[in-house]
Amino acid sequence: PTPPYLKWAESLHSLLDDQDGIHLFRTFLKQEECADLLDFWFACSGFRKQEANEGNEKMLKLAKAIYKKYILDNNGIVSRQIKPATKSFIRDCVMKLHIDPAMFDQAQTEIQTMMEENTYPLFLKSDIYLEYT
Amino acid sequence: MDSEDDLLIKCITSAMPQHKK
Chain A
417 PTPPYLKWAE
427 SLHSLLDDQD
437 GIHLFRTFLK
447 QEECADLLDF
457 WFACSGFRKQ
467 EANEGNEKML
477 KLAKAIYKKY
487 ILDNNGIVSR
497 QIKPATKSFI
507 RDCVMKLHID
517 PAMFDQAQTE
527 IQTMMEENTY
537 PLFLKSDIYL
547 EYT
Chain B
95 MDSEDDLLIK
105 CITSAMPQHK
115 K
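Protein chains in written order, with the numbering used here: chain A, 417 to 549; chain B, 95 to 115.
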């Protein structure tokens, strides 16, 4: 069978589908001071996943927490990578208490594209990955 | 009641794949 670390090189999704892959990628991102990109990506997935069985109040609190931690500060690594229109949309959802399971989808896509084009290829060339393999 | 940070950590963890071992 193909060793997991070779699968990690197939696509970002293959990497993020494996706990050890996530751990190594996060260690790399931490070195580059952009681990928030990955945390935000998982927070968006988790938000969408939890919607069905969580109460509205809890979802609002969670949406606010994600917004405050990653989007509100315009100098944050995540906020800098998200388009202004996408940020306004999320801010409006939070302010108007309009909580939708898909409200972070566009922002997640933008961060994912950025990782696919930038940090993920760098990771595959990094010492941390090459040493692991 | 969970703090916002606790909620966030739980949310991130819930989206990660579980160990297959």
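From the three backbone atoms N, C-alpha and C, an ideal C-beta is built for every residue, glycine too.
Note that this is a predicted model, so its numbers are computed, not measured.
Write down the C-beta distance between residue i and residue j rounded to the nearest angstrom, noting that I regard them as a contact closer than 8 angstroms.
i: A/I487; j: A/K503; result: 6 angstroms
i: A/D434; j: A/P420; result: 5 angstroms
i: A/F444; j: B/C105; result: Between B/C105 and A/F444 the Cβ distance is about 23 angstroms, and since that is not below 8 angstroms, they are no contact.
i: A/Y545; j: A/L428; result: Actually they are not in contact, since the Cβ atoms of A/Y545 and A/L428 sit about 13 angstroms apart, beyond 8 angstroms.
Among the options, which one has its Cα closest to the Cα of residue i?
i: A/T525; options: A/G471, A/F456 and A/D489; result: A/F456
i: B/S97; options: A/K474, A/C450, A/C460 and A/D436; result: A/K474
i: A/D521; options: A/N491, A/F539 and A/A479; result: A/A479
i: A/M519; options: A/S542, A/F505 and A/W424; result: A/F505
i: A/D543; options: A/Q447, A/L431, A/F458 and A/H429; result: A/Q447
i: A/S495; options: A/P517, A/K477 and A/I527; result: A/I527
i: A/H439; options: A/P537, A/L454 and A/E449; result: A/L454
Over what stretch of residues does the alpha helix (DSSP H) that includes residue i continue unbroken?
i: A/F463; result: A451 to Q466
i: A/I498; result: First-last for A/I498: undefined, no H or E at that position.
i: A/Q524; result: D521 to M530
i: A/G550; result: Residue coverage of chain A in this structure runs from 417 to 549, which leaves residue 550 of chain A outside it and unanswerable.
i: A/P537; result: Y536 to K541
i: B/S108; result: E98 to A109
i: A/K446; result: Q435 to Q447
I'd like to know if residue i contacts chain C, where contact means its C-beta is closer than 8 angstroms to some C-beta of that chain.
i: A/K485; result: Given the protein chain composition of this structure (A and B), no chain C is represented.
Original post:
Taking contact to mean at least 3 C-beta pairs separated by less than 8 angstroms, is the region 472–483 of chain A in contact with the region 504–523 of chain A?
Top reply: The region 472–483 of chain A, when compared against the region 504–523 of chain A, does touch it at the 8 angstroms Cβ threshold.
Original post:
Just by C-beta distance, which residues in the region 460–480 of chain A are closer than 9 angstroms to chain B?
Top reply: C460, S461, G462, F463, R464, K465, Q466, K474, K477, L478 and K480
Original post:
At a Cβ cut of 9 angstroms, what residues of the region 515–540 of chain A count as close to chain B, listed as they run along the chain?
Top reply: none
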